[in-house]
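Asks: All residue numbers for the sequence shown refer to our numbering, where the first residue is 746 and numbers rise by one.
All C-beta atoms, glycine included, are put in the ideal place defined by N, C-alpha and C.
Source: prediction; values computed, not measured.
This structure is in structure tokens; I'll ask about it shortly.
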Amino acid sequence: DLRHALQYLLAGGAPDLAAALLANHTRSALLSNRQTELRHWFNLLPATALDVRPQLLLDRAWLIMMSAVDEFAVALARVDAAIAALASPPVSWLDELAVLYLWQRLLSDSQDGLYEDALAVAERLAPESMLARGWCWLAAMLARSTQPAGAPVAAHAQAAAAAFTATDVRDRCARRIHG
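Written out as structure tokens, the structure reads:
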């Protein structure tokens, strides 16, 4: 299994190969709701192997956003730094980073202008950025919705983030985005 392969590569002094192997599996693990397994895989790798792979950092930030909000700001800063270090990062990474920043605002209950900002980000997302589009739409709808009196938006956002990992919810969002 992947855990054993990662452990084998790390024991053999090949953290870069382990990170490359992990990069082939993180997105599917995220989309199939395997957060516990994915968190374990990430914990096996040294930070130095992650910090040079923005896609892994993005996937780790999505994972943290869904499960460990208190660590989200640090994870987001690492992604931002890794992407900023690149001469021309892929547009899809920039899209995901923009949407992650929307979620940071949503989870911190900092909603002034969030709905409008989410719509503006959604308009400029690249067509291939399906994951970012779905999360962006969800952030916009959460920012727009009325919350029960006294209920923090962050609690609703966290529950919605967990629910969004379910395939049927993602599919509904995709249909809504693409008409």
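1) Which of the three DSSP states, helix, strand or coil, is assigned to residue 754?
2) Have a look at residue 885 and residue 837 and give me their C-alpha separation to the nearest angstrom.
3) Going straight from the alpha carbon of residue 824 to that of residue 842, what length do you get?
4) Would you say residue 766 and residue 751 are within 9 angstroms of each other, going by their C-beta atoms?
5) When burial is assigned at 16 or more other CB atoms within 10 Å of the CB, is residue 844 buried or exposed?
6) Whole angstroms is fine: what's the gap from residue 749's alpha carbon to residue 850's?
7) Please tell me whether residue 808 and residue 846 are closer than 9 angstroms, where the distance is taken between their beta carbons.
8) Determine the direct distance from the alpha carbon of residue 883 to that of residue 786, and round the result to whole angstroms.
9) Short check: CB of residue 781 to CB of residue 805, under 9 angstroms?
10) Can you list the alpha helix (DSSP H) stretches of 4 or more residues lying completely in the segment 773-832, in chain order?
11) Helix or strand or just coil, what does DSSP make of residue 749?
12) Please list, in chain order, all residues of the same chain as residue 792 whose beta carbon is under 6 angstroms from its beta carbon, the five residues on each side excluded.
13) Just to confirm the assignment, what range does the alpha helix (DSSP H) spanning residue 853 have?
14) Should residue 803 go down as buried or exposed, given a rule of 16 or more other Cβ atoms within 10 Å for buried?
15) Could you tell me the alpha carbon to alpha carbon distance between residue 796 and residue 853, rounded to whole angstroms?
16) Would you kindly work out how many angstroms separate the C-alpha atoms of residue 834 and residue 773, rounded to a whole number?
Replies: So, to answer that:
1) When DSSP states are grouped into helix, strand and coil, residue 754 belongs to the helix group.
2) Answer to the nearest angstrom: the Cα atoms are 19 angstroms apart.
3) Near 8 angstroms, if we compare the C-alpha coordinates of residue 842 and residue 824.
4) Yes. Within cutoff.
5) Buried, by the Cβ-count rule.
6) One C-alpha to the other measures close to 37 angstroms.
7) Going by C-beta atoms, residue 808 is not nearer than 9 angstroms to residue 846.
8) Residue 786 and residue 883: Cα-Cα distance of roughly 27 angstroms.
9) Against a cut-off of 9 angstroms, the Cβ pair of residue 805 and residue 781 comes out as no contact.
10) Complete alpha helix (DSSP H) runs here, min 4: 780-789, 792-796, 799-812, 817-829.
11) The three-state secondary structure of residue 749, taken from DSSP, is helix.
12) Excluding residues within five positions, none has a Cβ falling inside 6 angstroms.
13) That residue, residue 853, is in no alpha helix (DSSP H); it is neither H nor E in DSSP.
14) With 16 or more Cβ atoms within 10 Å of its Cβ, residue 803 is classed as buried.
15) Their backbone Cα atoms lie some 25 angstroms apart in a straight line.
16) So the alpha carbons of these two residues sit roughly 22 angstroms apart.
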